[in-house]
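J.: This is the structure, below, for whatever I ask next.
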Amino acid sequence: MNTEINTVVAVVGPGAIGTTVAAALHEVGRKPLLCGRTPRDHLTLQDGDRFITVPGPVQTNPKQIARTADLVFLAVKSTQIDAAAEWLKALTGPETVVCVLQNGVEQLDRLATYSLPGQIVPAVVWFPAQAQSDGSVRLRGDARLSLPDTSASRVVATALQGTRCSVDLAANFSSLAWRKLMQNAVAGLMALTHRRSGMFGRADIARLTLAYLQECLAVARAEGAELGDEVPQDILDKFRAAPADMSTSILTDREAGRPLEWDIRNGVIARRGRVHSISTPISDILVPLLAAASDGPG
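Residue numbers (UniProt numbering): 1 to 298.
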């Protein structure tokens, strides 16, 4: 397996997360292959007053890929995996590591259906990156990934060594993934209200959020996550401390009329709750509303 610093890297899905990772690599002279649906001659990441331009082009035809990559960052949303399948087939060989930069706790299960020859590494993405109306991406915090502590994950860590994107190899990866899922689940409330983080300053929304997080915590613990009683309040406090105009990807998709990642972020709580005979009354209301907002009809 190739662990050299000059590993050939591809980024599939140059959206908010993909652009951030591509910019991190480009800044230290490791130009990634950019793969997406829309032809572009460059990507732009805004970090405070600084703009980082990643030269393109963004490749749009997987049939033109001449060789497999050593490392692929899959940065499309779960609703777009089918559309990215041809890229994965073209880029993935037996020695390829595919790092899945997606929400949820089911990345391995979802990618398994594609029978890729390489090794799949799930990731928890901890940085807030927002796509802007001009096509650029605004990074509103430090970039950090958590990965399981495996040999394949060390390929990812080596590729990102010395970049703005730090990598943690975590023995408790499952617990971290469930904590991030709880945070993502709460963001579903933003999609339903069409409001940004400022909404969590309302006392009624705060009470609903805490009750929902308690429900999520019970399911996470039943799934084996080691999370303390303080986690729901900590997550709420994080939303309340964020800038009032902070958005989230599921809200951005709702505003743009795109399909929502409601199943992997919210539906999973109800699904796993049923497996463990855990009551999920808040999920039982939120999930149908999010599903209808995403998929209709009407």
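Just so you know, even glycine gets a beta-carbon here, dropped at the ideal spot from N, CA and C.
Bear in mind the structure is a predicted one, so any value in this text is a computation, not a measurement.
If you count every other CB in all the chains shown that lies within 10 Å of the CB of residue 299, and 16 or more means buried, which is it?
T.: Absent from the model: residue 299. The displayed extent of the chain is 1 to 298, so no value can be given.
J.: Assuming F239 contacts V287 (C-beta within less than 8 Å), just tell me the rounded distance between them.
T.: About 20 Å separates the two Cβ atoms, so there is no contact after all.
J.: If you follow the beta strand (DSSP E) that S146 is in, where does it begin and where does it stop?
T.: First-last of the beta strand (DSSP E) with S146: 143 to 148.
J.: If you drop the 5 nearest sequence neighbours on each side, which residues of the same chain put their C-beta closer than 7 Å to that of F127?
T.: Once the five neighbours on either side are set aside, the close Cβ partners of F127 are T20, L139, G141, D142, A143, R144.
J.: Compute the Euclidean distance between the alpha carbons of N2 and S151, then round it to the nearest angstrom.
T.: Residue confidence is low: N2 scores 40 on pLDDT, short of 50, so the model does not pin down where it sits. Its coordinate-derived value is still stated next. Straight-line Cα distance between these residues: approximately 11 Å.
J.: Buried or exposed for D253, please, with buried defined as at least 16 other CB atoms from any protein chain shown within 10 angstroms of its CB.
T.: Buried, by the Cβ-count rule.
J.: What does the Cβ neighbour count give for P39, buried or exposed, with the cut at 16 atoms within 10 Å?
T.: Label assigned to P39: exposed.
J.: Under a three-way DSSP split, which group does I278 fall into?
T.: I278 falls in the coil class under three-state DSSP.
J.: The alpha helix (DSSP H) spanning V231 covers which residue range?
T.: Taken as a continuous stretch (DSSP letters only), the alpha helix (DSSP H) holding V231 covers 231 to 241.
J.: Is the Cβ-Cβ distance between G18 and A75 less than 8 Å?
T.: The answer is yes: Cβ separation under 8 Å.
J.: Would you kindly report the start and end of the unbroken beta strand (DSSP E) that includes T158?
T.: First-last for T158: 151 to 159, but that is the alpha helix (DSSP H), not the beta strand (DSSP E).
J.: Straight-line CA distance for L289 to L192?
T.: Approximately 8 Å between the Cα atoms of the pair.
J.: In whole angstroms, give me the CA-to-CA distance for R164 and G298.
T.: Straight-line Cα distance between these residues: approximately 44 Å.
J.: On the criterion of 16 or more Cβ atoms from any shown chain inside 10 Å, does H194 qualify as buried, or is it exposed?
T.: The residue in question, H194, is exposed, as its Cβ has fewer than 16 Cβ neighbours within 10 Å.
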